[in-house]
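The first sequence lines up with residues 146 to 792 when you count with this note's numbering. The C-beta atom is built at its ideal place from N, Cα and C for all residues, glycine as well. In this text the structure is predicted, and so the values were computed from the model without any measurement. Only one structure is covered here, and it is reproduced in the block below.
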Amino acid sequence: MVAVTFPDGARREYPQNTTGLDIAKSISPSLAKRTVAMALDGKLADLTDPIAHDAKIEFLTREDPRVLELIRHDAAHVLAEAVQTLWPGTQVTIGPVIENGFYYDFFRNQPFTPEDFDAIESKMREIIARDRPFTKEIWSREHAKKVFRDKGELFKVELVDAIPQDQEIKIYKQGDWFDLCRGPHMTSTGKIGNAFKLMKVAGAYWRGDSSREMLSRIYGTAFAKQEELDAYLKQIEEAERRDHRRLGREMDLFHFQEEAPGSVFWHPKGWTLFQTLEAYIRRRQADAGYAEVNAPQLIDSSLWVASGHMATFRENMFLVQPREEDERTYVVKPMNCPGHIQIFKNGLKSYRDLPFKLAEFGKVHRFEPSGALHGLMRVRAFTQDDAHIFITEEQIAEEVIKVNDLILSIYEDFGFDDVTIKFSDRPEKRIGDDAVWDKSEAALRKALEASGRPWTLNKGEGAFYGPKLEYVLRDAIGRDWQCGTVQVDLNMPSRLGAYYIDEHSNKVTPVMLHRAMFGSLERFTGIMIEHCAGHLPLWLSPLQAIVATIISDADDYAREAVAAARAMGLRVESDLRNEKINYKVREHSLAKVPVLLVVGKKETAERTVSIRRLGSDKQQTMPLGAALAALAQEAVPPDVKRVKKAA
RNA sequence: GCUGCCGUAGCUCAGUGGUAGAGCACUCCCUUGGUAAGGGAGAGGUCGACAGUUCAAUCCUGUCCGGCAGCACCA
Numbered sequence: 146m147v148a149v150t151f152p153d154g155a156r157r158e159y160p161q162n163t164t165g166l167d168i169a170k171s172i173s174p175s176l177a178k179r180t181v182a183m184a185l186d187g188k189l190a191d192l193t194d195p196i197a198h199d200a201k202i203e204f205l206t207r208e209d210p211r212v213l214e215l216i217r218h219d220a221a222h223v224l225a226e227a228v229q230t231l232w233p234g235t236q237v238t239i240g241p242v243i244e245n246g247f248y249y250d251f252f253r254n255q256p257f258t259p260e261d262f263d264a265i266e267s268k269m270r271e272i273i274a275r276d277r278p279f280t281k282e283i284w285s286r287e288h289a290k291k292v293f294r295d296k297g298e299l300f301k302v303e304l305v306d307a308i309p310q311d312q313e314i315k316i317y318k319q320g321d322w323f324d325l326c327r328g329p330h331m332t333s334t335g336k337i338g339n340a341f342k343l344m345k346v347a348g349a350y351w352r353g354d355s356s357r358e359m360l361s362r363i364y365g366t367a368f369a370k371q372e373e374l375d376a377y378l379k380q381i382e383e384a385e386r387r388d389h390r391r392l393g394r395e396m397d398l399f400h401f402q403e404e405a406p407g408s409v410f411w412h413p414k415g416w417t418l419f420q421t422l423e424a425y426i427r428r429r430q431a432d433a434g435y436a437e438v439n440a441p442q443l444i445d446s447s448l449w450v451a452s453g454h455m456a457t458f459r460e461n462m463f464l465v466q467p468r469e470e471d472e473r474t475y476v477v478k479p480m481n482c483p484g485h486i487q488i489f490k491n492g493l494k495s496y497r498d499l500p501f502k503l504a505e506f507g508k509v510h511r512f513e514p515s516g517a518l519h520g521l522m523r524v525r526a527f528t529q530d531d532a533h534i535f536i537t538e539e540q541i542a543e544e545v546i547k548v549n550d551l552i553l554s555i556y557e558d559f560g561f562d563d564v565t566i567k568f569s570d571r572p573e574k575r576i577g578d579d580a581v582w583d584k585s586e587a588a589l590r591k592a593l594e595a596s597g598r599p600w601t602l603n604k605g606e607g608a609f610y611g612p613k614l615e616y617v618l619r620d621a622i623g624r625d626w627q628c629g630t631v632q633v634d635l636n637m638p639s640r641l642g643a644y645y646i647d648e649h650s651n652k653v654t655p656v657m658l659h660r661a662m663f664g665s666l667e668r669f670t671g672i673m674i675e676h677c678a679g680h681l682p683l684w685l686s687p688l689q690a691i692v693a694t695i696i697s698d699a700d701d702y703a704r705e706a707v708a709a710a711r712a713m714g715l716r717v718e719s720d721l722r723n724e725k726i727n728y729k730v731r732e733h734s735l736a737k738v739p740v741l742l743v744v745g746k747k748e749t750a751e752r753t754v755s756i757r758r759l760g761s762d763k764q765q766t767m768p769l770g771a772a773l774a775a776l777a778q779e780a781v782p783p784d785v786k787r788v789k790k791a792a
């Protein structure tokens, strides 16, 4: 007998190997009918699984949030059956559940197109309507391989081989169609329902390996209810509405063009935004004791050979040979570290100089694969808010904690409070001895633990010169962006011959921390645009207000208002055009100007302004001086506000 | 880089084997109008680049460049 505990705490005994379905039926036929799967000790399982030992059991209906992944997984199987029915000879590979849906990868000479979706979806509906039960069989390895080989499913044969020896080979059938799968599944295809949709097709490598076959991947999503699917589709539209590439054009911030793939043409407004962000970081890091420097853009390749970049980073570097007859090759810097080490080395350093902190808004160039380029988020030329901190080994933990605090405080100022930390340890392609790596990783881990923040391990993802922490922030619509980083480097300073004199007059190689907070200013600008859907807070907005006239008799007063606003440090323009106020309101609203100061006959006479904020159709009339003073106050950057408050 | 799709006016997009069109934006004129598009006129394009097929190519074919989605890579 096995003892089964129900969610309400009741406990009953059943003969060994009674299935969940039997138990549900014994309780009530309607429960058995509604139940699509079960959770045993919290773990999802097939309802038809026998219960082998004492367990807590929960019967799950398709409305249970935990069942969503089953709906999607089942839908992936139905997708695969539909595709194989429509196009016999297509090989199936894998079809997992992902964050917002599922996909299935197929191997077929002719790739799918979105035009095929209607046919596939209706075939899927047919299969779902047939409502065939999912049944599970355990096959021997040999049998499974033979069956798949005979069917021409060579990828499946490879998958069977990849399953660890101590695991069973499970086959799930839905009618005649079957697939190798670890499960679990719901009781039948009919439980999937009709709230599903195929989303897109794309190529994907077999087993994620760019040297292997390219498969044709069909993405889909599924929900328990149609309303949830509709809400999801709406959310996708929302993300498109926030796309920084589109907003960048609408707000006249920047553009790209063919001749400079992956490089930004910043327009006046975009560059103002960029510089406002830069100025913010400059204040924050000056406060934290960093000295700003500037190192050359082009440095002879010999230095990059010495640093290890030539050996490990070359495919990402731009090389310049300015004269054919001159064999000298320069590297357009892809990183700032070697330059900063030269500055450290110039002049003898004492242990008393440590920590020695050099910061640079370093413009770096990296030859990114063309397919990786994406607006401001992934470019080939970008500006890092980079710094290198030269310290002793004993100072590592303390300094990492300081950087950690600084980074988190900065993200708060921009409204990012959901930040996670990833710890990346040694990659395969690296420089330096394992003993050095042991030391670096241990120090970083110690600092991480001292910070008391939750973190996750990102195995083998460290930089080639050292392990790193990476800061991932979540934006307003739930997307994650990797921005800041701290990296411990016990390799490069010695490779480039950096040392300081310790208290016993010995030459000692310093430890170097690499750190960036925004990471790339270009990318951070893009993230901010999307995070606030173009509605930048006043202090960041490149154009903070427009003084718009209703009649031309107000022109002089409008000019006066603009001059007064500028004198207070506000970024303001006038709109004196011969257009109706409706037109002006619409145009500036679309351009995401945060504040509209409307002046007509009445305002001119009374020396007031009618204030309209972006996103609201309400108006407030205030005396000009008071309105500008309030705006000027609001436009003070958050860090400056803190300092003022403290004073 | 790989797979698929795409490239026509500043933007969004029609269209055709006989060298092109709309709306918005732009310029000018009229209109001075109270909070998301007032009216009229005009100007604007080597149809991504280069080859090929053809009497004739923006359209068909090929190569290249660029973009989009995903993969791989990554700040």
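So, helix, strand or coil for residue 326, using DSSP? Correct three-state label for residue 326: coil.
Within the continuous beta strand (DSSP E) that includes residue 768, where are the two ends? Run containing residue 768: 765-768, per the beta strand (DSSP E) assignment.
Exposed or buried, residue 410, counting other C-beta atoms within 10 Å across all chains shown (16 or more means buried)? By the 10 Å Cβ count, residue 410 comes out exposed.
Reference residue 710, options 657, 771, 191, 721, closest by Cα: From the listed residues 657, 771, 191, 721, the smallest Cα separation to residue 710 is found for 771.
With 16 other CB atoms within 10 Å as the buried threshold, where does residue 218 fall? Counting other Cβ atoms within 10 Å of its Cβ, residue 218 reaches 16 or more and is therefore classed as buried.
Report yes or no: do the stretch 548-559 and the stretch 606-613 share at least 3 C-beta pairs separated by less than 8 Å? Because the criterion of three Cβ pairs below 8 Å is not met, the stretch 548-559 and the stretch 606-613 do not touch.
Using alpha carbons as the reference points, say which of 570, 271, 416 lies closest to residue 613. For the residues 570, 271, 416, the minimum Cα distance to residue 613 belongs to 570.
Any idea which residues DSSP pairs residue 183 with across the strands? Beta-bridge pairing links residue 183 to 190, 204.
Starting from the Cα of residue 619, find the closest Cα among 689, 669, 366 and give me that residue. For residue 619, the nearest C-alpha among the options comes from 669.
Indicate the three-state DSSP secondary structure (helix, strand or coil) for residue 417 in the structure shown. Residue 417 falls in the helix class under three-state DSSP.
Give the secondary structure of residue 345 by DSSP, where H, G and I count as helix, E and B as strand, and everything else as coil. Three-state result, residue 345: strand.
At 4 residues or longer, what runs of the alpha helix (DSSP H) sit wholly inside the stretch 208-238? Listed in chain order, they are 213-231.
Measure the alpha-carbon distance for residue 759 versus residue 695 and round it to whole angstroms. Roughly 18 Å between the two C-alpha positions.
Less than 8 Å between the C-beta atoms of residue 658 and residue 538, yes or no? For the 8 Å CB-CB criterion, residue 658 and residue 538 do not form a contact.
Let's test the definition: count the other Cβ atoms within 10 Å of the Cβ of residue 782 and tell me whether it reaches 16, buried, or not, exposed. Burial is judged here by how many other beta carbons sit within 10 angstroms of a residue's own beta carbon; residue 782 has at least 16 and is buried.
What's the gap between the Cα of residue 152 and the Cα of residue 185? Distance between the alpha carbons of residue 152 and residue 185 is about 11 Å.
Just verifying my parser: in three-state terms, what is the DSSP assignment at residue 392? Assignment of residue 392 by DSSP, reduced to helix, strand and coil, places it in the helix class.
Which residues bound the alpha helix (DSSP H) around residue 670? Run containing residue 670: 666-676, per the alpha helix (DSSP H) assignment.
In its own chain, which residues sit with a C-beta less than 8 Å from the C-beta of residue 488, not counting the 5 before and 5 after it? By the criterion of a C-beta distance shorter than 8 Å, residue 488 is surrounded in its chain by 438, 440, 503, once the five residues flanking it on both sides are discounted.
May I ask you to report which of helix, strand or coil DSSP gives residue 516? Helix at residue 516.
Rounded separation between residue 396 and residue 687 - CA only: If you draw a straight line from the Cα of residue 396 to the Cα of residue 687, it comes to about 10 Å.
Taking the alpha-carbon of residue 319 as reference, which of 280, 331, 172, 161 has the nearest alpha-carbon? The shortest C-alpha separation from residue 319 is found at 280.
Tell me, to the nearest whole angstrom, how far the beta carbon of residue 220 is from that of residue 337; I am working on the premise that it is less than 8 Å. 5 Å between Cβ atoms; contact.
Find the nearest neighbour of residue 187 within the set 173, 210, 170, judged by alpha-carbon distance. It is 210.
Considering only the alpha carbon of each residue, which of 737, 216, 416 lies closest to residue 328? Among 737, 216, 416, the Cα nearest to that of residue 328 belongs to 216.
Would you give the residue range spanned by the beta strand (DSSP E) that residue 281 belongs to? In this chain, the beta strand (DSSP E) harbouring residue 281 covers 279-284.
Going residue by residue through the stretch 545-620, where are the continuous beta strand (DSSP E) segments of at least 3 residues, counting only ones entirely within it? Whole beta strand (DSSP E) segments, 3+ residues: 564-569, 600-603, 613-619.
Mark residue 118 as exposed unless 16 or more other C-beta atoms lie within 10 angstroms of its C-beta, in which case mark it buried. Here the chain has residues from 146 to 792 only, and residue 118 is not among them.
When we look at the beta-carbon of residue 516 and count the other beta-carbons within 10 Å, is it buried (16 or more) or exposed? Residue 516 counts as exposed, since fewer than 16 other C-beta atoms from the protein chains shown sit within 10 angstroms of its C-beta.
So what does residue 661 bridge to, in DSSP terms? 531, 630, per the DSSP bridge assignment.
What's the call for residue 719, buried or exposed, on a 16-neighbour Cβ count within 10 Å? Flag for residue 719 reads buried.
Between residue 645 and residue 491, what straight-line distance do the alpha-carbon atoms span, to the nearest angstrom? Straight across, the Cα-Cα distance linking residue 645 with residue 491 is about 11 Å.
How many angstroms separate the CA atom of residue 560 from the CA atom of residue 632? For residue 560 and residue 632, the distance between alpha carbons rounds to 25 Å.
Provide the residue span of the beta strand (DSSP E) that contains residue 319, from first to last. Here the beta strand (DSSP E) through residue 319 covers 314-319.
Out of curiosity, what's the CA-to-CA distance linking residue 204 and residue 181? In this structure, the CA atom of residue 204 is about 8 Å from the CA atom of residue 181.
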